[in-house]
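Engineer: In the working numbering, the protein residues as written are 2 to 256.
All C-beta atoms in this analysis are idealised placements derived from N, C-alpha and C, irrespective of residue type, glycine included.
Could you have a look at this structure, given as structure tokens, before my questions?
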């Protein structure tokens, strides 16, 4: 089957939950709608399939209808290597839209894991059912961010947990920082102490910041309390900026 030439700088990517071990893959109506209506693909167009388990395959669309489609796997795709920095984000839970933005952008920036934290000043409270629904929603955002950014494995997103549990879950002897606007110490100062880092945990407070007791607890458990400069940032801005700076200082982000 001839491959239709399309003028694109990048080949579209699609997350598939199945194992990519067969020569052909059948796509459901939702996946087909995404290919037809969002990506505007047609029969003969190329794409990359990945399943979040390390499998990444080149494929060509064979058939594309309103109710389903079939793609043919043509070979293995070259996956983007993971960052040398294992970056873990502990994000206090905030309102839905900015929290979604943090999930999306931190995945694009290569975080290894995301731990939603129920902080003292968090305005959002979740029962068990809402925790489950939010987790499924965040995982969907994560998969979409992987499709966009070229990641082949989505990060681990943990179930929302209390502040103390999130801190005690961090392995010992790993570098950890908590952001707070009142300090003049910065990530760049930390880079003078740690020329190379292979793992870093970043703790971000909610809209009202971390409470005094939470700052004390973080300090007592080995967190470096750092800021991001003279301006007070929104929590979603701080999370994105911190992940960006960390990947630039110790990871694979370049200028």
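Could you check what DSSP says for residue 85 in three-state terms: helix, strand or coil?
Structural biologist: It is coil, neither helix nor strand.
Engineer: Can you find the residues in the same chain that come closer than 8 Å, C-beta to C-beta, to residue 249, ignoring five residues on each side of it along the sequence?
Structural biologist: Closer than 8 Å at Cβ, skipping near neighbours: 255 and 256.
Engineer: Would residue 237 be called buried (16 or more neighbouring beta carbons within 10 Å of its own) or exposed?
Structural biologist: With 16 or more Cβ atoms within 10 Å of its Cβ, residue 237 is classed as buried.
Engineer: Going by DSSP, what residue range makes up the alpha helix (DSSP H) through residue 33?
Structural biologist: It spans 30 to 34 - the alpha helix (DSSP H) in which residue 33 sits, taken as one unbroken run.
Engineer: Assign residue 173 to one of two classes, buried (16 or more other C-beta atoms within 10 Å of its C-beta) or exposed (fewer than that).
Structural biologist: With fewer than 16 Cβ atoms within 10 Å of its Cβ, residue 173 is classed as exposed.
Engineer: Beta carbon of residue 198, beta carbon of residue 86: below 9 Å?
Structural biologist: Result yes, Cβ atoms of residue 198 and residue 86 sit closer than 9 Å.
Engineer: Among 15, 29, 188 and 209, which residue has its Cα nearest to the Cα of residue 224?
Structural biologist: If we check each option's Cα against that of residue 224, 188 comes out closest.
Engineer: By Cβ distance, which residues of its chain are closer than 6 Å to residue 89, with the 5 residues on each side in sequence left out?
Structural biologist: Taken in chain order, the residues that qualify are 113, 114 and 202.
Engineer: Does DSSP put residue 123 in a helix, a strand or coil?
Structural biologist: The answer is coil: DSSP assigns residue 123 none of H, G, I, E or B.
Engineer: Could you tell me whether the segment 178 to 185 touches the segment 69 to 87, where touching means 3 or more Cβ pairs closer than 8 Å?
Structural biologist: The segment 178 to 185 is not in contact with the segment 69 to 87.
Engineer: So residue 119 and residue 164 are in contact, right, with Cβ under 8 Å, and what is the actual spacing, rounded?
Structural biologist: That pair is a contact at about 7 Å.
Engineer: Buried or exposed for residue 25, please, with buried defined as at least 16 other CB atoms from any protein chain shown within 10 angstroms of its CB.
Structural biologist: Exposed is the call here.
Engineer: For residue 104, report the span of its alpha helix (DSSP H) as first-last.
Structural biologist: Unbroken alpha helix (DSSP H) run through residue 104: 97 to 109.
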